[in-house]
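Please read the structure below before turning to the comments.
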Amino acid sequence: MKATQRDFANLAPRAAQTMRVFFLCGTDDASVQDAAFRIASLLPDPGERVELTGAELKRDPVRLGDEARSTSLFGDTRHIWVRCSGDEVYDAVENLVTGDVAPCPVIIQAANASDKARTAKLLEKREDALVAMFYPPDLASVTASVRQMADAAGAPMDRELAQRIAAAVGLDTRLAASEVTKLALYLDATPERPRPATLEAFEAVGAKTEEDGFTTLVNTVLNGDSGRLKGELRRMAELELNPVGLLLAFERRVAQLAQLAGRLGTNPDISAFMEGEKASRRVFFKDVPDLSRQLRVWRGRALARLAQRLMALHRSLMANNHSAELLLAQELAEIARYAKSRS
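Numbering (the working numbering), first residue to last: 10 to 352.
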């Protein structure tokens with residue numbers, strides 16, 4: 010079965026009850042991860058979780074089928090969670106679905122893969138598999154998600170505050186969930202005893218904003234502001250910003266630029282286009298100047314090459330976690346120099 014991002018929420022409960030393989034993919038890592046957690050939470054008897062990587066399964070394609078058809082040490086149920094990139098688990102999944110014995114649930118969180126991937130094509134027509142693809146959310150959808158999270162946590166909030174949180178976390182629903190949790194704890198709010206969230210409470214819990222989070226560094230690099238870069242990299246080290254988390258913020262901005270560039274097309278009037286995007290609430294009004302500047306630099310082949318470099322850097326950071334901060338700083342300096350040369 011194939012699901013769109015829009016109908017996933019309605020299909021997920023039934024799919025978790027009846028299907029065995031879940032291929033969750035797309036350009037929005039946060040939504041893909043949220044979907045994986047959603048499926049895991051809906052499994053009727055999830056039992057032990059066995060985590061595997063795409064690299065492991067690429068080296069040993071038989072392992073997935075073996076793990077999915079074996080029992081845990083104490084004979085309990087289990088489910089398998091695979092984190093991979095692109096189509097690297099195709100052979101493993103092919104072995105899995107051609108076996109004679111039904112496997113335990115297998116959740117595949119596939120970064121940088123699409124519903125056109127070979128693995129997706131292998132699964133999409135099967136009755137025991139679900140393929141779903143997720144795109145980066147816009148400001149309006151994340152704002153709505155933040156309000157839903159807040160209601161569920163017992164800390165209801167108005168749209169203005171939810172929009173501020175959505176913008177502050179760079180439209181990353183994982184970070185937004187963390188901010189909502191902190192707010193609820195600060196307010197001593199529960200679903201049974203709700204307490205409305207306020208701007209004052211949000212500022213009191215010290216949530217990261219544009220000035221002390223990822224956004225300033227993202228804009229400095231992609232705008233080519235080399236004069237500010239040294240200070241921003243120093244701030245990155247002083248605040249001990251997580252390199253992978255920071256890189257995800259860059260990847261989300263690149264995905265946002267790709268969406269904007271697609272809608273812009275050959276229209277030469279970027280300023281008028283961005284005003285329309287702001288009016289449609291697809292972008293936060295404070296982001297308009299930086300996004301406009303970045304669209305003038307990062308379009309077409311330049312944007313595609315940037316996305317590829319970030320993907321390669323992501324793999325390098327995961328493989329060299331001890332030197333991740335240095336690797337990230339060097340690559341960001343290169344990207345900033347390129348942006349300056351084109352601005």
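For glycine and all other residues, C-beta sits at the position ideal for the given N, C-alpha and C.
Between L51 and A25, how many whole angstroms is the CB-CB distance? I'm expecting something under 8 Å. Walking along the sequence shown from the start, residue 51 turns up at place 42. Walking along the sequence shown from the start, residue 25 turns up at place 16. The distance from the Cβ of L51 to that of A25 is about 4 Å, consistent with a contact at the 8 Å cut-off.
Rounded to the nearest angstrom, what separates S352 and A210 at their Cα positions? Counting from one through the sequence shown, the residue named residue 352 turns up at place 343. Counting from one through the sequence shown, the residue named residue 210 turns up at place 201. Annotation: S352 to A210 spans about 40 Å, alpha carbon to alpha carbon.
Distance check for N232 and G179, CA to CA, integer angstroms please. Within the sequence shown, the letter at position 170 stands for residue 179. Within the sequence shown, the letter at position 223 stands for residue 232. Those two C-alpha atoms are separated by around 17 Å.
Kindly indicate the opening and closing residues of the beta strand (DSSP E) around T62. Numbered from its first residue, the sequence shown carries residue 62 at position 53. Taken as a continuous stretch (DSSP letters only), the beta strand (DSSP E) holding T62 covers 57-62.
Using DSSP with H/G/I as helix, E/B as strand and the rest coil, what is K134? Translated into the one-based positions of the sequence shown, residue 134 becomes position 125. Here K134 sits in coil by DSSP.
Pull up the distance between the alpha-carbon of A348 and that of L335, whole angstroms please. For the purposes of this step, residue 348 is identified with residue 339 of the sequence shown, where counting begins at 1. For the purposes of this step, residue 335 is identified with residue 326 of the sequence shown, where counting begins at 1. Computed Cα separation, rounded: 20 Å.
Residue span of the beta strand (DSSP E) that contains L33, given as start and end: Stepping through the sequence shown from its first residue, residue 33 is reached at position 24. Taken as a continuous stretch (DSSP letters only), the beta strand (DSSP E) holding L33 covers 30-35.
Residues in the same chain with beta-carbon distance under 6 Å from P146, minus the five sequence neighbours each way, listed in chain order, please. Your numbering for residue 146 matches position 137 in the sequence shown. Cβ neighbours of P146 beyond the five flanking positions: L180.
Could you tell me the distance, in whole angstroms, from the CA atom of N228 to the CA atom of L269? Here residue 228 refers to the residue found at position 219 of the sequence shown. Here residue 269 refers to the residue found at position 260 of the sequence shown. Their backbone Cα atoms lie some 16 Å apart in a straight line.
At 4 residues or longer, and completely inside the stretch 233-301: list those alpha helix (DSSP H) runs for me, N to C. 235-247, 252-273, 279-288
Which residue marks the beginning of the beta strand (DSSP E) containing V120, and which one marks its end? The count along the sequence shown starts at 1 and reaches residue 120 at position 111. Inspection of the sequence shows that residue 120 is occupied by Ala rather than by Val. From DSSP, the beta strand (DSSP E) with A120 extends over 115-120.
Report the CB separation of L322 from L256 in whole angstroms; it is logged as a contact under 8 Å. Position 313 of the sequence shown, counted from the start, is the residue given in the question as residue 322. Position 247 of the sequence shown, counted from the start, is the residue given in the question as residue 256. Yes, they are in contact, since the Cβ atoms of L322 and L256 sit about 6 Å apart, within 8 Å.
Consult DSSP for F143 and reduce its assignment to one of helix, strand or coil. As a position in the sequence shown, residue 143 is number 134, starting the count at 1. Correct three-state label for F143: strand.
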